[in-house]
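As structure tokens, the structure follows; a few thoughts come after it.
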Amino acid sequence: MEVKLSTESVASAGAWNLPDFRSLIQHQFLLHLMFWVIYVVFFGLLYGSYIDDYYNAFMVELVELPFKMGLVYFNMYYLMPKFLLKKRYLEFGVYLLLLTGAIAGLMQYVLLPFLIHPVFCPTTCTLDNLTLYRFIKNIVNINYLVVISATVVLLRNWYQHQQSTRTLSQDKLEAELKFLKGQIHPHFLFNTLNSLYSLTLKKSDNAPEMVLKLSGLMDYMLYDANAAKVPLEKELNYIHNYIDLEKMRYGSRVDISFTETGTIAGTNIAPMMLLPFVENAFKHGVSTETENAWVRIDVKVQHSKLSLRVENCKQGEKAERTAKEMASGIGLKNVQRRLELLYKDAYSLEIEDEPDVYAVHLELDLSDRTYED
Numbered sequence: 010m011e012v013k014l015s016t017e018s019v020a021s022a023g024a025w026n027l028p029d030f031r032s033l034i035q036h037q038f039l040l041h042l043m044f045w046v047i048y049v050v051f052f053g054l055l056y057g058s059y060i061d062d063y064y065n066a067f068m069v070e071l072v073e074l075p076f077k078m079g080l081v082y083f084n085m086y087y088l089m090p091k092f093l094l095k096k097r098y099l100e101f102g103v104y105l106l107l108l109t110g111a112i113a114g115l116m117q118y119v120l121l122p123f124l125i126h127p128v129f130c131p132t133t134c135t136l137d138n139l140t141l142y143r144f145i146k147n148i149v150n151i152n153y154l155v156v157i158s159a160t161v162v163l164l165r166n167w168y169q170h171q172q173s174t175r176t177l178s179q180d181k182l183e184a185e186l187k188f189l190k191g192q193i194h195p196h197f198l199f200n201t202l203n204s205l206y207s208l209t210l211k212k213s214d215n216a217p218e219m220v221l222k223l224s225g226l227m228d229y230m231l232y233d234a235n236a237a238k239v240p241l242e243k244e245l246n247y248i249h250n251y252i253d254l255e256k257m258r259y260g261s262r263v264d265i266s267f268t269e270t271g272t273i274a275g276t277n278i279a280p281m282m283l284l285p286f287v288e289n290a291f292k293h294g295v296s297t298e299t300e301n302a303w304v305r306i307d308v309k310v311q312h313s314k315l316s317l318r319v320e321n322c323k324q325g326e327k328a329e330r331t332a333k334e335m336a337s338g339i340g341l342k343n344v345q346r347r348l349e350l351l352y353k354d355a356y357s358l359e360i361e362d363e364p365d366v367y368a369v370h371l372e373l374d375l376s377d378r379t380y381e382d
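Here's what the structure looks like:
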């Protein structure tokens, strides 16, 4: 596929992004300017009160400021990314110590005797400031500034890393949920088409009605099921239509009971969450029986708590084999994983595997929850 961009589109894109870029630069500049203004004012007032000469204290801070700024930005944009953030701690410490020593020596043995002392403070700045003790103290004082700026950078990097990790985790979760839901749809469609195929083989008059109901189910899957949540009424109506399809397939050979109690209206649920349990009851239970097959489905909703119990008959070795297939089926596996992702600790799932009965009991908290699907 070839993509062509006109000069107008490129220009318009550049015009769109340029103001945002300028705004970002201006914002960063104002933050840095504010930091240095506060720094100069704070230490100017501090040293001014110490020597009782605020003018000279501020002038000394301004003269030393470019060298301190150079040290801070060199550390932030070179030493830290190249050594500290790559866990090369020894190299970082050595280079930083050498650099601060060079800056402290420049300020103490060059700026102080040749500029600051004769111009700004000939009486207050004495030769005592040229001692080795004073030199080491200056290194420590400069490193205060380095530590403050480095802490800001580390906190910013940590926050960006946390945001990136959270975004990546959310994207991964959404992709997994879409994949699981996408697997449920073909799985259900495959089973329903099998039912339709069996009716067409028998030239049943129910085949057109099955096509109509299947069309309604497909409409739900393609449109409503794309939402994060759907009304519980729609989900249960979807199950009703599915059961109608199975009744057409099995006729009087299967006894189906479906009861609903409690307050259904006004309650929402993640779509395609209940159907796999019902579908597996028919696929792995009813299909193994030649007569007297039965399925019991009971739905209760009370105070936003949903209880679903699905039971189906099973007899003989074939039923035992299909029970194992039911427990590991694609649809059931997917819905269990979706329950873990969407409802976490707000659900419980119990499976009972008796000699003649297979039952699934789901308890689900349907109160308002924040999740994406």
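So the number in this note's numbering is just where the residue sits in the sequence shown, counting from 1, plus 9.
Where a beta carbon is used, it is the ideal one built from N, C-alpha and C, also for glycine.
Asked                                                                                                           : Found
Opening and closing residue of the alpha helix (DSSP H) in which Glu218 lies                                    : Ala216 to Leu231
Assigned exposure category for Glu381 - 16 Cβ within 10 Å defines buried                                        : For Glu381, the pLDDT reaches just 45, beneath the cut-off of 50, and the residue's location in the model is therefore unreliable, leaving the point undetermined.
When Phe101, Val46 and Leu106 are compared against Met78, the one with the closest alpha-carbon                 : Val46
Within 8 Å, strictly: CB atoms of Met227 and Leu205                                                             : no
Within 8 Å, strictly: CB atoms of Lys238 and Ala274                                                             : no
Ser357 to Leu317 span [Cα, whole Å]                                                                             : 11 Å
Whole-angstrom distance between Met281 and Glu244, CA atom to CA atom                                           : 7 Å
Nearest-angstrom Cβ-Cβ length linking Ala8 and Arg262, presumed shorter than 8 Å                                : Any answer about residue 8 is impossible in this case: the structure gives the chain only from 10 up to 382.
Range of the contiguous alpha helix (DSSP H) that encloses Thr109                                               : Tyr98 to Leu115
Status (buried if at least 16 other CB within 10 Å, exposed otherwise) for His170                               : exposed
For Ser376, the three-state DSSP class (helix, strand or coil)                                                  : coil
Rounded separation between Ser31 and Leu94 - CA only                                                            : Looking at the sequence provided, one finds Arg at residue 31 rather than Ser. The straight-line gap from Cα to Cα measures roughly 28 Å.
Short Cβ contact (8 Å threshold) for Phe291 with Val310                                                         : no
Residue environment, Glu100, which counts as buried when at least 16 other CB atoms sit within 10 Å             : exposed
When Ala236, Thr209 and Tyr251 are compared against Ser224, the one with the closest alpha-carbon               : Tyr251
Local conformation of Tyr48 per DSSP, three classes                                                             : helix
Local conformation of Glu320 per DSSP, three classes                                                            : strand
Backbone CA spacing between Val66 and Gly102 [nearest angstrom]                                                 : According to the sequence shown, residue 66 is Ala rather than Val. Looking at the two C-alpha atoms, the distance is approximately 31 Å.
Euclidean distance between Cα positions of Thr276 and Leu254                                                    : 26 Å
Cβ pair Leu74, Val50 closer than 8 Å                                                                            : no
Counted within 10 angstroms of its Cβ, other Cβ atoms place Ile145 as buried (16 or more) or exposed            : exposed
Distance between Ser376 and Glu359 (C-alpha atoms, nearest Å)                                                   : 21 Å
Expected contact under 8 Å - CB spacing of Ile148 and Thr109 to nearest Å                                       : 5 Å
Other residues of its chain near Ala368: CB distance less than 6 Å, five sequence neighbours each side excluded : Glu320 and Glu361
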